[in-house]
Amino acid sequence: MKVCAVHTKVSGSTRKISDLLIEELKKNNAEISIQEYTVAGFKPCAGCFSCFANGEKTCPHASEVGPIAVAIEEADVVILDSPCYTMGMAGAMQSFLEHLGYRFFAHRPHPAMAHKIGVAISTCGGLGAGKVTKDLKRHFFYWGAAKYYRLPFTVFASSWPEVKEKTKAKIVKKIQKTALSISEKSGKVNRPVHLRMMMRVCGAMVKKGNGFPLDAAWWTSQNP
Ligand SMILES: Cc1cc2nc3c(=O)[nH]c(=O)nc-3n(C[C@H](O)[C@H](O)[C@H](O)COP(=O)(O)O)c2cc1C
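In my numbering, the protein residues as written are 58 to 281.
Here you go:
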């Protein structure tokens with residue numbers, strides 16, 4: 058199993074939960090490779106449209122985005138984590154994800170997404186982790202990923218040591234259950250029918266010229 062984890066931060070409750078999930082996946086899978094990235098400090102998208110019009114290699118931030126994009130494409134399981142900040146995902150994660158807009162299925166979705174599992178993890182102090190995992194999930198959906206798990210946790214704390222033992226135990230139980238499910242399903246998932254239909258309609262429109270010429274050429278040559 059190949060795992061790519063894109064973390065918002067190097068520490069904190071959300072990162073701790075991502076690390077717990079990775080440890081559980083390691084226990085369940087003898088052959089596992091993990092690629093990890095942290096996007097704290099990521100520059101926002103420049104809004105130049107060059108990835109759409111001229112290809113992702115022409116992005117002004119291509120040297121930072123490129124290796125992570127490749128690791129996502131090569132993975133069976135992609136983990137995205139973000140704490141809840143002001144009822145949304147952290148700015149650094151949003152900044153990173155904007156750079157993958159060219160992989161939305163209205164543009165150039167990668168064919169490898171058809172069998173990929175996404176995992177969205179968030180924590181909040183009181184309210185908002187559910188919204189963050191929904192927002193992260195939206196990216197998996199528009200990348201054309203086959204299946205996703207949402208793992209929102211309300212920790213009532215500003216750091217992991219402050220989280221009550223009872224809450225930690227519940228989190229560990231949920232993570233163990235999810236890791237088992239991911240391990241069983243990895244490599245065996247396919248896109249749901251509604252996503253396949255949406256992609257087919259979208260692809261037909263793009264091929265007719267409703268979009269960037271690069272996108273039309275991609276849909277014609279790749280059949281994602
Ligand atoms: C700038 C900022 C904004 C926050 N906004 C919210 C919020 O809207 N809702 C909430 O429940 N908690 C909020 N929190 C609390 C964090 O979501 C919570 O402590 C989380 O577990 C921190 O995760 P981390 O340790 O991974 O950074 C906020 C914290 C910060 C620093």
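Cβ atoms here follow ideal geometry from the backbone N, Cα and C, with glycine treated the same way. On a predicted model such as this, the values are computed, not experimentally measured, just so you know.
query, result
"Could you give the distance in angstroms between the alpha-carbon of residue 209 and the alpha-carbon of residue 220?", "15 Å"
"List the whole-angstrom C-beta distance separating residue 118 from residue 94, where the pair is believed to meet the contact cut-off of C-beta under 8 Å.", "Not confirmed; about 14 Å, so no contact."
"For residue 174, collect the residues of the same chain with a Cβ closer than 8 Å to its Cβ; drop the 5 residues on either side in sequence, then sort them by chain order.", "133, 134, 135, 202, 203, 204, 205, 206, 239, 242, 243, 246"
"So residue 159 and residue 109 are supposed to be a Cβ contact under 8 Å. How far apart are they, rounded?", "6 Å"
"Based on Cα-Cα distance, which residue from 196, 98, 87 lies nearest to residue 155?", "196"
"Could you tell me which of 182, 264, 172 sits nearest to residue 130, measuring between CA atoms?", "172"
"Using a threshold of 6 Å, is the CB atom of residue 144 nearer than that to any non-hydrogen atom of ligand 1?", "yes"
"Sort out for me which residues DSSP pairs residue 95 with in a bridge.", "64"
"Relative to the alpha-carbon of residue 100, which residue among 83, 89, 121, 92 has its alpha-carbon at the smallest distance?", "121"
"Would you say residue 235 touches ligand 1, meaning its beta carbon is less than 6 Å from a heavy atom?", "no"
"Determine the direct distance from the alpha carbon of residue 102 to that of residue 152, and round the result to whole angstroms.", "6 Å"
"Distance check for residue 88 and residue 112, CA to CA, integer angstroms please.", "34 Å"
"Report whether the distance from the Cβ of residue 180 to the nearest heavy atom of ligand 1 is below 6 Å.", "yes"
"Comparing the CB of residue 69 with every heavy atom of ligand 1, is any distance shorter than 6 Å?", "yes"
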